[in-house]
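*Asks:*
There are 2 protein chains.
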Amino acid sequence: MISPETGAIRVLQDAQDPLLVRACRGEPVETTPIWLMRQAGRYLPEYRRVRAQVDFLTLCRTPDLAVEVTLQPIRRFGFDGAILFSDILMPVEAMGLEVEFNPAPEVNPPVRTESDVKALRRPDPTRALGFVLETIRLLRKELPPSVTLLGFAGAPFTMAAYMVEGEVSKEFVRLKSLMYREPLVFHALMEKLSLVVSDYLSAQIEAGVQVVQLFDTWSGQLGPRDYREFVLPHVRRIVELVKTPEVPFILFGNGTGSLLELMAEAGPDVVSLDWRTSMKEARRRLGPRMPLQGNLDPTVLYAPADIIRSRAREILEDVGPDTPHIFNLGHGVTPETPIEGVAELVHFVHEEGRRLREQASGAIAVGTKEAERE
Amino acid sequence: MISPETGAIRVLQDAQDPLLVRACRGEPVETTPIWLMRQAGRYLPEYRRVRAQVDFLTLCRTPDLAVEVTLQPIRRFGFDGAILFSDILMPVEAMGLEVEFNPAPEVNPPVRTESDVKALRRPDPTRALGFVLETIRLLRKELPPSVTLLGFAGAPFTMAAYMVEGEVSKEFVRLKSLMYREPLVFHALMEKLSLVVSDYLSAQIEAGVQVVQLFDTWSGQLGPRDYREFVLPHVRRIVELVKTPEVPFILFGNGTGSLLELMAEAGPDVVSLDWRTSMKEARRRLGPRMPLQGNLDPTVLYAPADIIRSRAREILEDVGPDTPHIFNLGHGVTPETPIEGVAELVHFVHEEGRRLREQASGAIAVGTKEAERE
């Protein structure tokens, strides 16, 4: 689709963009970029030292500290992406509710009626969430140009889950009851959240993030029919409001193996999937051009190095060297993950991603030579 | 495959078997049978009255009381199946561990080493679990011939999850670490559990259950590659040891949308799936002859009657009137489920299942007439 001329110009532009951004755009890359969800966290002793001084919310609200813990895993492992240290419930606080971590999140008062929804504010992120934007500006100064800064927000359904339930839930009975019994109230809440999230992500882009990820951790609790009716229109709207050609948009879901096509329908640049669906299957269903992110089981990081390598290799081979991919876990790093496992993974993905690409282009070169001979 | 003669004999035999058993065998039925996982439970006032007198474990261990609560939902709703009231952790106790419900299950001491696995007993169910077998014998006397008695057990992976973690877990780090780091110990545990479960289900069949269901609630935490290596051989072995032509075998998984083909490979008569995968998709992937069970989202029972009906109708239409199906939820009834919702669902499934079949056979009859005319 790209003429040779345009292609040449594009290559020049791309040379200025880091690996992770180019992979999200589906452009050719020299190796597979890698970052991990929750890569800044309890499994790192340097993170625990910071947390020994301040509580979680203070850490999120203090730019210098948030910058420090965002940078810790970059220094240690050489990830291709640094994800802003924050929490998906930050905007919920800005909407007028009380958020506590004990350590599981609690939201007060829970949102359950039409008037509860109406009372929610649509905050101006430059005021209410200025500390996040300040963290981003500081990070852009600190990070080397090869490392991509990712911003993020919780998706409306996932945020609504905490807001309606008021706490972590197993079966989301209150949330789904609202959805089935008062669909207008449910949609009004989702619409308000979509605007808040869009404002918030746009402000993050304005402040300097180079990729955004929308975390829809709980949408995997819905079947395809409910996702299409109750979630998809809102996610699509956020994508429309936020996505720019410069800043790729990643949509993450957990337990969403049955929803991959619908997630792609929402229009993100990248679909990020958990480990329950194989990359081969995801690639088959979403086609060769869709950039995919994922999807190692986070508990594989507890395994011996040879298992980590063989599982990571399977993912790279399933994806194939010619199709766009950002390596990640299928969900966040768990708190007791061995540091050696993470180091092994990052090293291996970079080496093997390069090797597979060289092998593939070697095979093409050989193929060309053989074709010339005939 | 059946000659007209054999077919005729089969029909005579089937007349003696209840609807649910015939549906599990994939035989033609007059309407769709329905029962619900956890249909005996807290959402029923008559159950809460029994539980006000005794704790959960005493209830499981006292045949007269277990019979009473098993029968309660049959009397109230007219389900086609009565599932033995018990808990999947009963055999774990018989293997020599302490099981408590506070109210979430806890197992002590947790099983984490080779010697822990070796120390586990393979109990004789007629001795160690005689109270369950007595409950079954009493139930067969009490139940009308039209209601099928289902027995059940936890699948090895799901039982191992509680035994290795010692408690309910979110990420199953200990279980999966054992799996990845000490696969021989993990497989030894799974093998022992497979034998215990097989003995237990065979004893239930001997005592009189007419269908058995293996609950693999947690296998949905694994991707297809791990399921194939670590779970499938053990489930297949149980199926081989337990399944008889008379007593159909149902394999249930939760969050196992990516594993349906592998579950079918284990050889059960029926695959039971949660609501995250549509029945249409499951039917497409497993073919028209595979009996399927499921798969309404349990929270739909909190919805108004018209939504319950429309969602149940979608499932019946997705399955189609000519393909074998047992209606169920995608997981268990939740504790605050409105009783009216359950009553509505049972009534509707029976009526609509009959109507769709009559419509289909009417259409065939009309089709035949039109063909004759031409």
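From first to last, the protein sequence lines stand for chains A and B. Residues 2 to 375, numbered by this note's numbering, are exactly what the first sequence covers, in order. Residues 2 to 375, numbered by this note's numbering, are exactly what the second sequence covers, in order. Where a beta carbon is used, it is the ideal one built from N, C-alpha and C, also for glycine. Note that the structure is a prediction, hence the values are computed from the model and not measured.
1. Answer yes if the stretch 100-117 of chain A comes into contact with the stretch 156-173 of chain A, meaning at least three C-beta pairs across the two stretches below 8 Å, and no otherwise.
2. List, in order along the chain, the chain A residues whose C-beta lies closer than 7 Å to that of P225(B)?
3. For P234(B), tell me which candidate among V248(B), Q294(B), M160(B) and H188(B) has the shortest Cα-Cα distance.
4. At what residues does the beta strand (DSSP E) containing L140(B) begin and finish?
5. Distance check for S147(A) and D18(A), CA to CA, integer angstroms please.
6. For E107(B), name the three-state secondary structure that DSSP assigns.
7. Pull out every residue of the stretch 233-264 of chain A whose Cβ sits closer than 9 Å to any Cβ of chain B, in chain order.
8. Which of the three DSSP states, helix, strand or coil, is assigned to I316(A)?
9. Is there a C-beta anywhere in chain A that falls below 9 Å from the one on D18(B)?
10. So is S178(B) in contact with chain A if we call contact Cβ pairs under 9 Å?
11. Apply the 10 Å Cβ neighbour rule to V55(A) and answer buried if 16 or more other Cβ atoms are within range, or exposed otherwise.
12. Three-state secondary structure (DSSP) at S273(B)?
13. By Cβ distance, which residues of its chain are closer than 8 Å to T114(B), with the 5 residues on each side in sequence left out?
14. I want to know whether the stretch 255-266 of chain B touches the stretch 294-302 of chain B - three or more CB-CB distances under 8 Å.
15. With DSSP as the reference, label A283(A) as helix, strand or coil.
16. Under 8 Å by Cβ, that's how I've got A208(B) and I308(B) pegged, so tell me the actual separation to the nearest angstrom.
17. Just mark S116(B) as buried or exposed, buried being the case when its beta carbon has 16 or more other beta carbons within 10 Å.
18. Given a limit of 8 Å on CB to CB distance, which residues of the stretch 28-47 of chain B reach chain A?
19. Taking the alpha-carbon of E135(B) as reference, which of V210(B), P46(B) and R43(B) has the nearest alpha-carbon?
20. R23(A) to T149(A), Cα distance in whole Å?
21. Under the DSSP definition of a beta bridge, which residues are partnered with H326(B)?
22. Using a Cβ cut-off of 9 Å (strictly closer), state whether R52(A) contacts chain B.
23. Along the chain, where does the beta strand (DSSP E) that runs through T149(A) open and close?
24. What residue does the beta strand (DSSP E) around D88(A) start on, and which one ends it?
25. According to DSSP, is E337(B) part of a helix, a strand, or is it coil?
26. Let's see if you can read the secondary structure: which residues bound the beta strand (DSSP E) around E99(A)?
27. Express the C-alpha separation of P289(B) and R77(B) in angstroms, rounding to a whole number.
28. Measuring alpha carbon to alpha carbon, tell me which residue in A361(A), V197(A) and F231(A) is nearest I89(A).
29. Which residues in chain B sit within 9 Å of G221(A), going by Cβ to Cβ distance?
30. According to DSSP, simplified to helix, strand and coil, what is G254(A)?
31. What residue from V243(A), S195(A), F57(A) and S178(A) has the CA that sits closest to D227(A)'s CA?
32. With DSSP run on the structure shown, which of helix, strand or coil describes F216(B)?
33. Contact criterion: CB-CB distance below 9 Å. Does G8(A) meet it with respect to chain B?
34. Could you pull the DSSP bridge partners for E168(B) from this structure?
35. When you compare only the Cα positions, how much space is there between V248(A) and G27(A)?
36. Over what stretch of residues does the alpha helix (DSSP H) that includes H332(B) continue unbroken?
*Replies:* According to the data block:
1. Output reads yes: the stretch 100-117 of chain A touches the stretch 156-173 of chain A.
2. Near P225(B) (Cβ distances below 7 Å), the residues of chain A are S279.
3. The shortest Cα separation from P234(B) among V248(B), Q294(B), M160(B) and H188(B) belongs to H188(B).
4. Counting along the chain, L140(B) falls outside any beta strand (DSSP E), though it belongs to the alpha helix (DSSP H) covering G131 to E143.
5. Cα-Cα distance, rounded: 8 Å.
6. Note: E107(B) maps to strand in three-state DSSP.
7. If the cut-off is 9 Å between Cβ atoms, the stretch 233-264 of chain A has G256, T257, G258, S259 and L260 near chain B.
8. In this structure, I316(A) counts as helix in the three-state DSSP scheme.
9. No, D18(B) lies away from the interface with chain A (no Cβ there is under 9 Å from its Cβ).
10. Taking CB atoms only, S178(B) has a neighbour in chain A less than 9 Å away.
11. V55(A) should be labelled exposed.
12. In the structure shown, S273(B) falls within a strand segment according to DSSP collapsed to helix, strand and coil.
13. V186, listed in sequence order.
14. The stretch 255-266 of chain B is not in contact with the stretch 294-302 of chain B.
15. DSSP places A283(A) in helix when its eight states are reduced to three.
16. Contact flag wrong, Cβ pair sits at about 40 Å.
17. With fewer than 16 other Cβ atoms within 10 Å, it is exposed.
18. Within the stretch 28-47 of chain B, no residue qualifies.
19. The residue with the shortest Cα to Cα distance from E135(B) is V210(B).
20. So the two alpha carbons sit approximately 10 Å from each other.
21. H326(B) pairs with L293(B).
22. Not an interface residue.
23. Residues T149 to G155.
24. Note, D88(A): premise wrong, no beta strand (DSSP E); not H, not E.
25. E337(B) falls in the coil class under three-state DSSP.
26. E99 to F102 is the span of the beta strand (DSSP E), which, as asked, contains E99(A).
27. Straight-line Cα distance between these residues: approximately 33 Å.
28. The candidate whose alpha carbon is nearest that of I89(A) is V197(A).
29. Within chain B, the residues near G221(A) are G256 and R277.
30. Correct three-state label for G254(A): strand.
31. When each option's Cα is compared against that of D227(A), the closest is S178(A).
32. Note: F216(B) maps to strand in three-state DSSP.
33. At G8(A) the pLDDT is 42, less than 50, meaning the model places this residue with poor confidence; the figure from the coordinates comes in the next sentence. No, its Cβ sits nowhere closer than 9 Å to a Cβ of chain B.
34. E107(B).
35. Those two C-alpha atoms are separated by around 13 Å.
36. Here H332(B) belongs to no alpha helix (DSSP H), and DSSP marks it neither H nor E.
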